[in-house]
Each structure stands twice: as C-alpha cells, then as structure tokens.
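**Q**
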Amino acid sequence: MKDWLTRAGMVCLGLIVLVALASVVNLAGDPDEIVGPRLAPPGPGYWLGTDNLGRSMLPRIMEGIATTLLLSSVAVLVTAALSAVLGIVAGYRGGVVNELIMRLVEVLYSFPAIVLAILVAAVFGPGQLAALASIVLVTIPLMTRLVRAAAVGVAQRDYVTAAIISGARLPRILGRHLLPNVAGTIAVQVTYALSVGIAVEGGLSFLGFGVQPPQASLGVLIQQGTTYMTAAPWMITGPGVVFVVAVLAINVVGDGLRDRFEPRQARSLV
Amino acid sequence: MRLALWWLGRAVSAAATLLGVSILIFAAVRMMPGGFAETILGPFATADQKAELADRYGLDQSVFVQYGHWLAAVARGDFGVSMISREPVVSELWARLPVTGQLTLFSVLIATLVGVPLGVLTAVRARRAAVGRLLSGLGVSVPEFVLGSLVVFLFSRYALGLPAGGYDNVRSLVLPSLVLSFFAISITARTTRDAVMGVLVEPYVTAAVARGESPWFIIRHHVLRNAAIPVVTLLATITAYLLGGALIVEYVFNLPGIGSYVVQAVGRRDYAVVQAGVLLAATVFIVLNLLVDLVVGLIDPRLGVTSKGRRA
Amino acid sequence: MTALLEVRDLAVEYDSGERRVRALDGADLTVAAGETIGIVGESGSGKSTLGSAVGRLLPSTANRVTGDVWLAGERVFDLPPAGIRRLRRERLGFVFQDPIASLDPTMRVGKQLKLVLGSKGDPLSHLDRVRLANPGRVARMYPHQLSGGMAQRVALAIAMACQPRLLIADEPTAALDAQVREEVLEVVFSVAAEAGTSIVWLSHDLTAVARRCSRVAVMYGGRVVEDGPAADVLGQPAHPYTAALARSAPAMASLGDRLSPVPGRPPVLAEASHGCAFEPRCPYAEERCAKERPELHVVRTQEALCHRATELVTAS
Amino acid sequence: MILELDNVTVTFTAGPPFRREHVHAMRGVSLYVAEGETLGLVGESGSGKTTASRVALGLQRPTAGAVRFEGKPFPKRRRELAGHMQAVLQHPHWSLNPRMRVGASVAEPLAVLGEKAPDRVHEMLERVGLEAGLATRYPHELSGGQRQRVSIARALVTRPRFLVFDEAVSALDVSVQAQILNLIKDLQREFGFSALFISHDLGVVRYIADRIAVMRGGEVVETADTATFYTAPAHEYSKRLLEAL
Amino acid sequence: QETSTTGGSTAKAGYVATVDDSLPAGGTLDVELPIDIGAATGLDPQLADVASSWQLMSLVYETLVTVGPDFAVQPALAASWENPSPTKYVFRLRDDVFFSNGRAMTADDVVGSLQRLLASQSVWRGQLGPVKSVTKVDDKTVDVELTTAYTPFLAALANVPAAVLPMKEINEKSVDVTKTMLGTGPFKVDSHRQDVSWAFGKNDKYWSDGEPRLDGVNVTIATEEAARVASLQSGKASVATLGNVDSKSMLAGASGVEVLSQATTDFYYLMLNTQVSGSKFADPRVRKAINIALDREQISSVALGGQGKPTGVTPTGLPGACDPAGLPSATAGAEEAKKLLAEAGATNLTFTLSIFSTAPAPAVAQVIQQNLEQVGITVKIEQMDEASWAGKVYGAVPATFDAALSWFAGYADAGMVTKWWNPDVAVFNKGFMKSDPALSSAIDKAVVLPAGDARTAALAEVCTKVDEDAQMLPLVTRPSTVAYRTDAASVGLYATEGYGNALRLIADFRKKSA
Ligand SMILES: Nc1ncnc2c1ncn2[C@@H]1O[C@H](COP(=O)(O)OP(=O)(O)OP(=O)(O)O)[C@@H](O)[C@H]1O
Ligand SMILES: Nc1ncnc2c1ncn2[C@@H]1O[C@H](COP(=O)(O)OP(=O)(O)OP(=O)(O)O)[C@@H](O)[C@H]1O
Ligand SMILES: [Mg+2]
Ligand SMILES: [Mg+2]
C-alpha cells in the first residue's frame, strides 16, 4: 500500500539518480573548470552562479549528487552487510558471543567520530575510501543493534527450532532462516542509514575529512555554501535544496517500506 | 542478594567495556598520523626538545608500559595533564561539563517534548501523517552546521533577542539546544511513531476502543506507557550521541564544551585529554544504558520474562 | 424494533490494496434481549468480522458494502464518533480471544479496572463478581502474572463493569486449557445472566456452544447459514454444512473411531458469491446451488440458507 | 525404549533483574516413550509440557536428571541425530520460514543430511494430502491447515523414529483439526514412528494417544493407558480434567 | 558626531586604519581570535614560534626595538641605539620601564633575556643572527656583539621571542614563564582559560604616556569563523581577526562593522620533495616547469580573492624585496614548461599535493591543480588535518610526500625568511629539500650586506636562485583580515604586517561607548 508521499519520494529519488548519471558524462560542463568571476550570481554560462573559485555551480552540484549518492550507498551497503553478520550472530547465539559483539559496538559508539575519521584517513589515506569507512563506522553500531533485536525475535520462531531439530548447521540456520527474515529490518534501516550517511559525509566535510578537492560532494558544497551564505546565497541554495529533497525522499520511502513490512494495520482510535 | 549479583554483573560488563574503550583509544591516538612532537612542538622544534617532551610525558616508553602507567594513574583518579595547558585534564573536563551537560539535557528535553507528541500524532493520524512525516524527516535533512550557522548568523545580525555565541549563562544555551535538538526531535518522532503504531495494533488497544474510551484517554493511559520503552532506549542513545555530537554546535556557537575540547585535543594529539574525554563519553554511555535498563524495568513489569511470551 | 441486536444483510469487505476479501456476504442475525446465542463456523467464516461490526470496531481497511446494524434501537453505522463511543460504553461489552494480551501489560489489574469504573466503582467487588479468589491480591497483579483463566475473568469483569446489554465474546476460551475453559464459561454465563445481559459467543466449537447457548447460528462464507435452538441445530442440523461440522469434533468420536472432517477447503470470497458458498464441498449439491443464492428456509425450529434444506430434512 | 526421561528437573531463572525468580518448569519428571507408541502429554497451561518436549528434543539441558534417546545420552553434536527426530510445533504461522518456498522447507531435513530428493519431497506432500504443485508456494499462500500439513511433511520426510507434536492442532479449528489428526494416525500406522503428543485438549489426546501422562505444576501426576485413563482416572486432578471434557 | 577612520581613506600612509585621538581613554575592549597560544612549550615567549602566539604575548611582552608602519626599526624598551661597527650594537635603555609586578626593568633583565634566548632551543636564536656576546655596560646600557655583520639583527630583535623577560623572578624561580606571563607591556594577564578566553588588565606603570588607553582587553577564542562573524554582528566582540578572504562581502550587510584587509609579508609556498627515493622532482627541469606553469596572479585573484600578491622568496611588501614579475619563471610561458617536461621525460606527470584543510589552503591547491593541468601535469590533492599533515611533511627523513603546501611568516626584513631555503640552517626541511651551495652562499651574502642597492641586488639574486632551484616555490603573500565595530572601537593597523600581529597597536586602541 503506497501512499502518495512514498510515491513522490520514489519519483524524487529517481530524478536524483538520473541527475547523478548525467553528471558522469559532464552533461552540464566540467565541474572543476574555472568559468567565470568568483561568487557570480546566476547568469549565462553558469546558470546556478559560480563558487568562490569561479566554477559553475550547476555541474558541481551534479557531480556532488553523484559522489554523495555513490559514497553513501556503498557505505550503507557495507554497513548493512557487516551489521547483518554481527547482528544476526549476536542475536542468534546470545550469551558470550552476544556480549562480545554488543560490547564492541558500544565501544564504537563511545568513540568520537572525528577520531575515527582521522584514524581511518591514516589507514586508507584521505579520500573517498576513508570517507566511506568513516561513514560505515559511524552507522554500524545502530544498525547492528537493530538487526540483533530483530534476529532475537526470529531466533525464537518455530521454523528455526525445527531447523535445529533437523540438525542443521550454523551457516544454514543463519543464512537460510535468520538472514532472509531480518532482511526487512535491514532494508528499512538501510534507508535511514542512507540519510545518516549523507549527513555524516557532510559532517566529515565540515571537519575537513570529506572527499578530496576538487571533487564535489553534497557535503562539501553545503559546507562551503554555508560559509558563503550571505555573500553568495546561490552556493547553498542549490546543494541545500537537493540535499533536503534527497534525504526527505529517502526517509519517506523508508517510512513507506516500514509500513509495508508491518503487516498489522493500526486501527483508528475512533 | 540477587540484586547485588545483578549489579555485580553489570559492573563487570561496564568495566570490560571501559577497559576495551581505553585500550582502543589508547592505541588509536598513538596510531594517528602526525606525532605529538611535530604537532605540539611545531616543525621548528629541535631533536632535543622532542626528546625532552617525550621524556616528560613518558612517551618514549613502549606503548604497553605507557598504558600500564596510565591505567594505574586512572585507577588513582589521575587522568594526566594536558600537554598544552599543562593543567590536569580532569579539572578542565569538570569546568566544561556544565556547558555540554546542560546543552545535552536541554536538547533531550526539547526532543522529548516536541518529538514524542509529534510521533504520537503522526502515528494516530497514520493516514494523514504526510505533514508530520515530512516534518520529522526535515530534522535529519538539515545538517547541524548549516542550521547552526544560519541561526547564529540571523540572531547575531538582526538582534533577535537571544545570544548567538559564547557562553555566559543558561540563556546562551537556548539557541544551541534548539539547533542540537533538531535532529533529535526527528528521530524521537520517528521512533515514537513506530512504537505507537506497534502499540496501536495490540489487542488491549482494541479492547479499550471496544469499551468506548476516547482516543485521548487511550493514548494517555495505554499507548504512551507501552510505547515508552523504545523511546526511552532511544533517548539514552541520543543523549550519548548528543554528548559527543555536540561538538559542531559547540564550534559554531563557540561554547566551551567537552566536544570541542576533545576535538581540539585530537587535532593537537594531546593524548591525555583525548583518552580522558573518550573514557568520559563511554562512561556516560554505559551509565545511561544502565539507567535505561532500570527505567524500562519499571515501565514494563514483564521484562525478564523470557521467550515464553513470544512463543505462545 | 424489539430485538436488542439486528444485523440485516451485512456485507463487509477488506481491501488491503492488492487483495480484496469479502468477509461478510449478507449476514443476518437477530438477538433478543436476554438471549444467549452462539455463532459457530470454521476459521475465516466471518465470525470476528461480524462481532466487530456490531461495535463498529472494524479496522480501517474494512468497509461496509451493504446492510445495517441496529443495537438497542440505534443504527450503529450512522452514529457520530461520540455516539458510538457512548453506545460501546453503555450497551456493549467485548471479551476477546487472548485474555492476557487484551489487558494493558504495564498496568496493575486494579488500576485498569479503576480506569473503566471511574471514581464511583470499587474494583474489588467487580473482581469478586467474576469469582476471582482473593480479589485484593489479583488487583495488585500485572497481567503477565495472571493465568489465562484469571486474565479472562479480569477481562470479563472489565467488560461487564458497566452492565452492558450485550456481551460479545470472540472465542473467549480458545487460548485456555480444557478445565479452565469450563470454569470461565461458567462465570461468563452466570455473570451475564445475573445482569440480564445478552451474549453473542463466537466460537468454532459447535458442541461446546450448543451445550450452553439457547440459540446457535452457524456461519459459512460470510453468511449465517443456519440459525435455531441449540439442541436442534446440533442434534438435527438443517444445513449440510452444520451436519458436517458436527461430525468432525474429536470429542464426538468414540475411542478407536476415525474422525470425519469436512472435506475440502473453506472459501475465501472476493465478491458476493453467486450461489451457495458451500456448494463445492457439499455432498448434496446440485446445479442451481452454484448459480442461485439460497433463500431462507424455515425447517422445523431452524432457519437455513440452503436450497435443499426442506427436501433433505424430509428425506432423512 | 526410544526415549527416556529419568527424574528430570528443569529450573529457569526469570523476572526483572531486581526481582529474579526461579521457575521450576519440571520437577523430577520420569517418562518414557516406547517404540511405535504415542504418549499423550496433557496438563494445564504452564504445567511444563513444552519444557518436557524441549528436553526430549535435546533443546533444553535438564538442570538435573538424565535423558536417553535411543538408549544413549544426547551426543555433543546435534548433527549426529539429524534425521532421527523431528517435531511439529504449535503455531502453524511460525513453523514455516515465510521466505522459503514450501518445497524447500520440506526438503530442508534432507538437505541437512546432504540428500537431494525432490521426488521424496513431492511424495511426502502428496502423502499429507497436498498437491505437489504447492511446493512452489510460500507459506502465506497456504491456509493454516495446509501449513500444518507441510510441517508434518517436513517432520516426516526423513522417516524419523521419533516425533514430537507440541500443540500441533490446538490453533486449528475443529474441521481442520480432524483432518490433521486423521493424517497423523494414518502416517504413524504406515511409518511406525514413536511420538510425544502434547495438548491441553483431552478430546484430541484421547483420539490419538496410546498412553497418557498428566502434568501439573511441573510434575507428572498420573500415567496410564488411554482407555484406563478415560474410564478410571486415578488422580484427583485427572478426574477434574475429565469432568470438563 | 565624530566618524572614525574608515578603512584606508582617512588613514595615514602606511596604515589601513588609524586611531581617532579625540576619543577618551578607558573601557575594556572585546576581541575575538581564532586560536589560543597552544604549544607544549607553554607561555614562554622565547619558544613561541607561531604568529598567533606572538600576537597574544605582545600584549604583555615587549622588545628593545619595534617596527614601524614602513618596517623601519623604532625604539621601544631601548630609547636609542648605536651601531658603531657592523658587528656591534649599543642599546640605551629607557629608565621608566616597569614590569607589571611593579619592579623596574634593569639591564640585567635585558642581558639575561637575550642570553637565555641564545642558550635556548628557540628557532628565533637562529634569526637573531651570529651573536657573540651580550653584555651589560651599565644599568642603562647593553652591548651586543656579533661575530659577523648581520643586517636583519634589529628586525629580529623586534619580535616577541626577543622580548625582555623578568629575569630576576625567573632566576629566583618565583615566576615560571611557561605558565604565567609577566612583562613590561601595556597589559597584564588577569585570567586565562586555555582555548576559551583571556582577560588582560592595564599595566598601571606602563612607560608610554597615557598608554594603554584601554583599561583592559578581553580576548575570546572562537575557532569557528562563523562564531567570530556573529560576535561582530551582535556586538559581542568589538574587534576580531577573520580568516576568510571574502569576509568583506560577507559582512557587507552588517551595519557598523568595518572590515580591514591587511597585507602581510607571510607567503604561501609549494614544497616539491626531492629527497624521497624515486622523487618525481629530482630533475630540476621538472621543478622549473612547474614553477613556470604556476599562475601566481590567478592564485592570488581566485584563491585569495585578489588580496595576496605574487612574491619571490623575499616577501613582497618588504623594503628591498625583489620583483616577482621579473623572475625567470614569470617571464617564461607554458610552451617552455611543456618543453622542459618533455626534455625531462616527464610527460603525463602525476603527483599528490598534500595540504591541511584550513582555508584557504584548499582553494590555493585547487588553483595550482588547474594551473598545472594546462601543461599536462595531473595533481591529486590530499587534504588532512594539520597534525596529520605535519606528521607527513616533517615526521620522517626523508619525507614521504610528493608535494605539499604551506606558508611562512615573512618577518620584517627581506633577508630573514630566505634562511629557510638553506636546509642546513633550517633543519626542519632537511627531509624533503637538498641544499644548494650556490644558493646558500647567496643567502649568506645578502644577509650580511647593509641595506642599500647592493643588498637589493644580492636579494634579487637570491630570488632568482630560489626560483631556479624550485624546491620550495614561493607563491603569493597571505592576506590578513581584521574587522571591528565602528560604534565600539577605534583601531590602528599597519598596511603591511611582518609578524602577523594584528594587535600591534593595541596600546593605542580606544573604546567608543555605544
Ligand atoms: N484485517 C483484515 N484484512 C484483510 N482480510 C481480513 C482481515 N480480517 C479478516 N480478514 C479476512 O476476512 C475473512 C473473515 O475473517 P474473520 O476474522 O471474520 O473470520 P473468523 O470466522 O473470525 O475466523 P477465525 O476463526 O480464524 O477467527 C477471512 O477470510 C479473513 O482472512
Ligand atoms: N525459557 C524459560 N525461561 C523461564 N521460564 C520458563 C521458560 N520456559 C518456560 N518457563 C516457565 O516454565 C513453566 C512451564 O512452561 P511450559 O512452557 O513447559 O508449559 P506448558 O505446559 O507447555 O504450557 P502451555 O500449555 O501454556 O504451552 C511455566 O511457568 C513457564 O513460565
Ligand atoms: Mg475470529
Ligand atoms: Mg506449551
């Protein structure tokens, strides 16, 4: 049952993905080229204005969308994969294994994101890979916890018991029974993690650990746009609008997904 | 007796977590590129100066020895001194705690007072919840530094009546708390919505409707309590997150809080400060989780009754 | 209108987006004041839907297609929200299948009862009324600390707190074990009798229902296919389905016997059925059964929705 | 003797951290199930029936006492028992993996043994009265009765020597219940498995069991042949149970 | 009423702003700065090596001499001096100088301070030159002898590390200068919270008549630029230093805020690592090609908003500095660069440029990247936090980076910074730079020559040699921005600053009551 909002969210996401694809072929020009005066308002040749280096905002925004989308979706997929393994094992096994994994996750929780970011940048060298790993480390604890909670529920189910009675080995139980049945939770969480991932990417840029210049990402653009909020409002407007729309759309679609995976319908209280 | 045992168990688990955190952070700060020498003394420092610094803080010993010393000191309540200010880390953390503490507290309060009603509303009016869903989505979609910068700019340029920067008194924390809570409101609202929707399908809600109770009555007496558990759990997580995540707001509003202190220390590789700061965050996190367990136990008397309930 | 409850030609459909289910397909039912009536039928026959419809408690995915429900002279589906709430509060009581789940798990029993009673009532006397030993102790317990039987008594106490005219009990004992089941039913019927409350008991156990109720209505495919005095419906079913149902209960079989289940599967209607919904499983089906919706036939003391009712009864 | 429970006690710790309670789910229970026999286990809710079945299946280690399956204690590794015992559990809704086709669910015990035998799966489905075509469906596309049949097919596909039915028909309505009970009886006659049949419905147990054990508060208060039990129950509690029937 | 000096319009030559003398004295000024003093060496001015520390310390500490708006050396704690020979300086001390604890400054303090500096690990020891001895002649006279002539001596003496410390107290150990500041300057420290704030009170016995005009200065440390801008707008701060080159247009709409752009002698430079094994820049032709390809005008106009100026190794703006437009790299064209690259076999050259993320370094790096793309060189920018950057650039010998970007303080004499082009002297760049004997001797020669045409010519030669050596490539000068509220403060600011001290004239700043 999809409501109009979820549908609108999907359309927005579709458009955003299209724009990202268009940027790959530099449809609107070279995002790195200095094309005009610095901080120029929208005009011919740079329809969304120029930035503080005189580059056209339009191709930069398009590149930003592509970068951020790719980065956060890969990161979120990695997070999902890792969380799935950790969460399912913890939820199914319980006991010491659960303690161990959950403590580990707690430890990650208490680590400041910036320390993680610096460390990760040290390991991978600053750049997309480091940003990716940072996003993963920041988003992993919450998702692992939620997957675990779901897995605990699934582990109680009779079909799991039946599999145990049949003598099934751990990989089969986890892979055939738990994973498919927590996949719904993961899928829903993925959309949330995606919006968190985009936000983290922005935060990393704020602290200077985002993608490397001159590459644009929404986080970088918004961070710069914020600095130039008063002198060149067009630097924040474009990326800002895209960002808000993207995150809202992802959230709304996530909500929709959630409602789909929740078969019981709430009754009206009237 | 059992209670004591339970506490003992929790204490052991907490200690294990803290030990893990301490080992990791200890190793981590030393693994960070840019040693203390280049960073704290600058490029012009001579080899002698570096050696002296290393000697003063025992940084020339092996990491294991250092960790041992540090742990022993921590056990005595000594968290070391900052290499920059040469003041004990504890006193500076203590001085900054009120700022971050209040900031976090206010934000969590705001998040609860706004997010919970919003979540309940969007859940109850599930079919007409578009506005609520968009509103609660907005919180995640506006990065803190954007909102913070915007608020700081507007309130400082147009003298809108609230201080937008610096810390003088509690009034200085109004805007930062609002900015910080923006994100928290949104997840609180969403979690509340999920929880309430989960409760609304429960038979006891149907039973209440069947008795002819009014919606408001049902929400007040049945829904809120039962939806509280995930929300309380989340609030603890948010509190911990805000405590650490306050740093961007602290920067933008120039508040002397713990977040900015630790981040600055990270930037300078001021080891003792980073270690103490992270340990503090971990402690808060653990204590919060403990509180949540207790509160949740109070709310839901079933807790601890095992699998049974789910099976039948 | 003299009857306490009148359900006329009620059709209800669930529309879950991709699938439509017609749960009620023109159900009729009349309950007089003080009467106890059991509604039986296989899973999916529409019992719960009927019960919910009486209190306008259908989920939002359900919509009433045709028909009407009168309760104590009021048209249930035309009342404003405040009106339906008043009706539920004053005239209706509900008892559901899972007693523990229908109590708020975070609230002590006494408090829950108090919420319903308001300031005037005394929870202990109401607990006492449903024959709970030691009401003071029970009042201080949480739902999960109650046994199923206790919980169902508490639920009954809550449902009966305002002396409703009609009690709808949707499989109130399905989750209980055999012994407790009887005790609870005993309490339900005696408490209702004391208060002069009519009972509509929804169940799939024909024998159990027949033992306690004055009347039995058998549902099949969203319609009431047979309705009559309990003993007659069980003893000499007028509808072939009732007959099949009566034969399948394990308790009815003597030791060593083989059970004879109703063959085939119950229908799930997507639209109004064109003929008799039981036709595919009916040993007596003939051509018109698939094409014409059966009319009401009065057979002896019963009313049956079967083309061949009269014919078959006289034959047997 | 396929299964023996010797003086088994199971104690659970439950309750919130500050009010821990010990629940004695089983106290000194001794039971046996002979070859080819069906033991009916009845008792009120919470009397310890499910716990007994979990002990019998080796899913629950007794706090005290011994369990012997096929004359030996449970092996350390569950796999050694693969195919020897199976269970049909209470809730038809949760007994099948909703993300697995029914055929795959039935085939799972075989797959665990490393066997691939699609025809055996189909044959088994037919045996429990389902069309083989159902194998490609998902559980939510089946009715409760059909699902329970699938569970039975899964339990029987390896021709185990011992089966546990824990409230296997309680959630079904009478007419479906009858179909399943008939089916179990037929299959037992054919395959000759032993069974532990748990139910709180004396009517059902009477129909299916050879012997009956009555549990109450974690203890077995009476064991008797079905015929004897229903005509002359020895224990006070059994009498009350029967009155209710 | 009175309008204050607005920008350069009413300011005197050499100033971008001058204080309105008609304003009454008194009041406490609120200042916001981006960073606090922050080093393991604590508050010891002799060991301070960054301009941000010098700036704060200069409120408390003073030197014998100071520099004027035109970089001319002026008297400070020394009322006058003589230079009887190129290697000898005789300073006559003022007799009305008191430390803020009330004790009069003596020649012993001066001699002790300089000797302490010379014996220390300070970098500034090197900048002070070949000092042979410092001796007290009498209570008011101090003698400094050099082993060889050293023209930047006075300019080096004019900076905070050469400040006069309370040697009596230090020797008595009643004052630990790493933890407290006690000087002869216009202000004294009332309180300090590291990285949060400073409260400075007036030094009542300050020697300069009527100075300081202010009763006190409150300094707030605000790391984030947005916070400082906000404080200026709201009036929470009266004066603040800003980092963004576009501050002026960003604050354009804020009434009452004046943004001053101050030139400095500090300049950005590009490091090309020749020491790492397999260096991509071992061939001087490659380095030269890069140098040619760099468009310093564009770096200045695009990355620095037009506020920096191209510079050679002698910082543009200092007397005697060479003309960057005349350097070989500036006169050659892109074709030349491509040819050189081709000759060196370095077509399709790709290298990584390591930068710290503090603005405007990323902007400079991106323009460099664009410049070099024109001659077919691909630059990958690697941005990191300052500590990681420092670790990468200075942490290992030989250093592992390809190229890096940083800036030097330009000081107050055109010859001073050239020393860093001799790694044997500079030491810190040994990991990535090899010394060029010809360049080193040219530097030594220029440093010794007295100001005049001969020195200018020698400095020009250093410029050319650096340009050709091209291991560390001077780029553009680094602008500095100071903003203040016209309704709250009247400030003075030199047009060009050599020691990064925006608060140099603070003793004369005045407060306006709003
Ligand atoms: N919320 C719903 N959404 C969609 N279909 C529903 C819903 N509730 C019931 N149905 C369908 O309507 C039909 C009648 O259901 P109902 O619950 O009234 O039957 P019942 O006789 O009470 O059965 P049971 O004995 O299993 O409780 C069934 O086919 C059922 O699948
Ligand atoms: N994992 C467990 N942890 C704690 N207590 C348990 C656990 N499993 C069962 N119990 C308790 O042990 C007792 C016996 O439970 P069991 O499930 O064996 O009863 P049962 O006879 O199967 O009941 P039902 O008829 O309701 O299924 C009950 O009081 C139950 O609450
Ligand atoms: Mg029902
Ligand atoms: Mg059980």
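Residue numbers (the working numbering), protein chains in the order written: chain A, 1 to 270; chain B, 271 to 582; chain C, 583 to 898; chain D, 899 to 1143; chain E, 1144 to 1657. Here a beta-carbon is modelled for each residue, glycine too, at the ideal position from N, C-alpha and C.
Counting Cβ pairs closer than 8 angstroms, one from the stretch 1582 to 1589 of chain E and one from the stretch 1562 to 1569 of chain E, do we hit at least three?
**A** Taking one beta carbon from each stretch, the stretch 1582 to 1589 of chain E and the stretch 1562 to 1569 of chain E have 3 or more pairs nearer than 8 angstroms; the two touch.
**Q** Who are the Cβ neighbours of ILE34 of chain A in its own chain at under 8 angstroms, not counting the five residues just before and after it?
**A** LEU53, GLY54, ARG55
**Q** Could you list which residues in chain C have their beta carbon closer than 7 angstroms to that of LEU1100 of chain D, in chain order?
**A** Under the 7 angstroms cutoff, chain C gives ALA760.
**Q** Using the Cβ count rule (16 or more neighbours within 10 Å means buried), how would you classify THR1146 of chain E?
**A** Its pLDDT being 38, under 50, THR1146 of chain E is placed unreliably in this model, and the value from its coordinates should be taken loosely. THR1146 of chain E is exposed by the Cβ-count criterion.
**Q** Any heavy atom of ligand 2 closer than 7 angstroms to the CB of HIS991 of chain D?
**A** no
**Q** Output the distance between the C-alpha atoms of ASN439 of chain B and GLY304 of chain B, rounded to the nearest integer angstrom.
**A** 37 angstroms
**Q** Taking 7 angstroms as the cut-off, is the C-beta of GLU624 of chain C nearer than that to any heavy atom in ligand 3?
**A** no
**Q** Name, please, each residue of chain B whose Cβ falls closer than 7 angstroms to the Cβ of THR1529 of chain E.
**A** Looking at the sequence provided, one finds Glu at residue 1529 of chain E rather than Thr. Simply GLY537.
**Q** By Cβ distance below 6 angstroms, which residues in the same chain neighbour VAL548 of chain B in space, the five residues on each side in sequence not counted?
**A** ILE295
**Q** Could you pull out every residue in the same chain whose Cβ sits closer than 6 angstroms to the Cβ of GLN984 of chain D, ignoring the five residues on either side in sequence?
**A** ALA1053, PRO1058, LEU1061
**Q** The beta strand (DSSP E) that contains GLU472 of chain B, what's its start and end?
**A** Counting along the chain, GLU472 of chain B falls outside any beta strand (DSSP E), and DSSP gives it neither H nor E.
**Q** Given that GLN534 of chain B touches chain E, what residues does it touch there, using C-beta distances under 7 angstroms?
**A** ASP1338
**Q** Given a limit of 9 angstroms on CB to CB distance, which residues of the stretch 215 to 232 of chain A reach chain B?
**A** For the stretch 215 to 232 of chain A, which is checked against every Cβ of chain B, the residues closer than 9 angstroms are GLY219, ILE222, GLN223, GLY225, THR226, THR227, MET229, THR230.
**Q** Could you give the first and the last residue of the continuous alpha helix (DSSP H) run that contains GLN1198 of chain E?
**A** 1194 to 1200
**Q** Nearest CA to the CA of VAL96 of chain A: which residue from B:PHE349, B:ALA286, B:ALA393, B:ALA429?
**A** B:ALA286
**Q** Along the chain, where does the alpha helix (DSSP H) that runs through LYS1482 of chain E open and close?
**A** Bounds of the alpha helix (DSSP H) holding LYS1482 of chain E are 1477 to 1486.
**Q** Taking just the CA atoms, how far does GLY1488 of chain E sit from MET62 of chain A?
**A** 37 angstroms
**Q** Could you name each continuous beta strand (DSSP E) segment of 3 residues or more that falls completely within the stretch 1499 to 1573 of chain E, going from the start of the chain to the end?
**A** 1521 to 1527, 1546 to 1551
**Q** Given a threshold of 16 other Cβ atoms within 10 Å of its Cβ, counted over all protein chains shown, does LEU987 of chain D qualify as buried or as exposed?
**A** buried
**Q** Could you tell me if THR382 of chain B is buried or exposed, where buried requires 16 or more neighbouring beta carbons within 10 angstroms of its beta carbon?
**A** buried
**Q** Under three-state DSSP, which class holds PRO1453 of chain E?
**A** It is a strand residue.
**Q** My output table needs one value for LYS578 of chain B: the three-state DSSP class, helix, strand or coil.
**A** The predicted position of LYS578 of chain B is uncertain, since its pLDDT is 30 and thus under 50; no value can be drawn from it.
**Q** Which residues in chain E have a C-beta closer than 7 angstroms to the C-beta of ALA429 of chain B? List them in chain order.
**A** SER1377
**Q** Can you check whether the C-beta of ALA121 of chain A is within less than 8 angstroms of a C-beta belonging to chain E?
**A** yes
**Q** Quick test of the definition: if touching needs 3 or more C-beta pairs under 8 angstroms, does the stretch 421 to 436 of chain B touch the stretch 1369 to 1386 of chain E?
**A** yes
**Q** Run the CB neighbour count on LEU221 of chain A, radius 10 Å, all protein chains shown included, and call it buried at 16 or more, exposed below.
**A** The residue in question, LEU221 of chain A, is buried, as its Cβ has 16 or more Cβ neighbours within 10 Å.
**Q** Skipping 5 residues on each side, what residues in its chain have a beta carbon closer than 7 angstroms to that of HIS339 of chain B?
**A** GLY328
**Q** Comparing the CB of SER377 of chain B with every heavy atom of ligand 2, is any distance shorter than 7 angstroms?
**A** no
**Q** VAL800 of chain C: which of C:HIS821, C:ARG794, C:PRO681 sits nearest, CA to CA?
**A** C:HIS821
**Q** Closer than 7 angstroms by beta-carbon distance: list the chain E residues that pair up with GLY529 of chain B, in chain order.
**A** Neighbours of GLY529 of chain B in chain E, taken as residues whose beta carbon is under 7 angstroms from its own, are absent, since the nearest beta carbon is some 12 angstroms off.
**Q** So what does DSSP say about GLN884 of chain C, is it helix, strand or coil?
**A** strand
**Q** Leaving out five residues before and five after CYS12 of chain A in sequence, what residues of the same chain have Cβ atoms less than 6 angstroms from its Cβ?
**A** VAL245, ALA249
**Q** Does the CB of ALA950 of chain D have a neighbour CB from chain A at under 8 angstroms?
**A** Not flagged as an interface residue toward chain A: ALA950 of chain D, since no C-beta distance is shorter than 8 angstroms.
**Q** Please identify, using Cβ separations under 7 angstroms, the residues of the stretch 1007 to 1018 of chain D that lie next to chain C, in order along the chain.
**A** none
**Q** Which first and last residues belong to the beta strand (DSSP E) in which ILE781 of chain C is found?
**A** That run of the beta strand (DSSP E) goes 780 to 785.
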